[in-house]
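I have placed the structure first, in the form of structure tokens, so that the comments after it can refer back to it.
In our numbering, the protein residues as written are 44 to 230.
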């Protein structure tokens, strides 16, 4: 009698030159009982699973930035900043824009390793089509220690240009000591 919850399954065919191997595998599979699950349930499960992974990654990134905040005595509300900003890459620089920390998303976005980026300024991502006007606005906002949002053309390690939305916030204790950029690729 068929299970009333049976929704179908993926049949597996094994081909082999050695018929004895085929028969052994076939017998082993007949002995096991497989629980069937509709494909749609799997899709829903995987969506939730991916969301949990993404949430865990972002929580770990927040913890790393909070440990930097403790070290440098930043007074920013970083938990709120993380909640309010959608990002792929995170960059923390000192006041002179030397990179002190990047997340794994930085490498996924542009192909440069964390160790390569450390102690460089984000200018190494810029190139021929990067707007001088945008670069000047960014420079002035950094000098003025103001938060800002810009879209800039950056370049991946393989030379491919991409539009990057950067949302930069000054990190401060008594005065601004560092900057953090929430970045994402945009179309």
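Ideal Cβ placement from N, Cα and C applies to all residues, glycine included. Quick caveat: nothing in here was measured; it's all calculated off a predicted structure.
Query raised in the report: Straight-line CA distance for residue 215 to residue 156?
Result: Rounded to whole angstroms, residue 215 to residue 156 spans 27 Å at the Cα level.
Requested in this report: Please look up how many angstroms separate the CB atoms of residue 218 and residue 185, rounded, as I've assumed it's under 8 Å.
Outcome: Contact between residue 218 and residue 185 is ruled out by a C-beta separation of about 14 Å, above the 8 Å threshold.
Report task. Evaluate residue 59 with the Cβ neighbour count: other Cβ atoms within 10 Å of its Cβ, from every protein chain shown; 16 or more gives buried, anything less gives exposed. Result -> Any reading at residue 59 needs caution, since the residue's pLDDT is 44, under 50, leaving its predicted position unreliable; the model's value is listed next. Its Cβ having fewer than 16 others within 10 Å, residue 59 is exposed.
Query raised in the report: Hey, residue 263 and residue 206 are a contact pair by Cβ (cut 8 Å); roughly how many whole angstroms apart?
Result: Look at the range of the chain in this structure, 44 to 230, and you will see that residue 263 is not part of it.
Query raised in the report: Which residues bound the beta strand (DSSP E) around residue 220?
Result: Unbroken beta strand (DSSP E) run through residue 220: 219-229.
Requested in this report: Taking residue 225 and residue 128 to be in contact with their CB atoms under 8 Å, please state how far apart those CB atoms are, rounded to whole angstroms.
Outcome: About 4 Å separates the beta carbon of residue 225 from that of residue 128, a gap short enough to meet the 8 Å contact definition.
Query raised in the report: Is the Cβ-Cβ distance between residue 153 and residue 197 less than 8 Å?
Result: Yes.
Query - Where residue 208 falls: helix, strand or coil (DSSP) - result: Strand.
Requested in this report: Spell out the partners DSSP gives residue 197 in its beta bridges.
Outcome: Residue 197 is bridged to 205.
**Report entry** Contact under 8 Å by Cβ, residue 194 with residue 183
**Finding:** Contact flag unset, no.
Query - Among 181, 204 and 188, the one whose alpha carbon lies nearest that of residue 170 - result: The residue with the shortest Cα to Cα distance from residue 170 is 204.
Query raised in the report: Under the three-state reduction of DSSP, which class applies to residue 86: helix, strand or coil?
Result: In this structure, residue 86 counts as helix in the three-state DSSP scheme.
Query raised in the report: Using the C-alpha atoms, what's the distance from residue 167 back to residue 174?
Result: C-alpha separation (whole angstroms): 14 Å.
Report task. In angstroms with no decimal places, state the Cα-to-Cα distance between residue 98 and residue 138. Result -> So the alpha carbons of these two residues sit roughly 29 Å apart.
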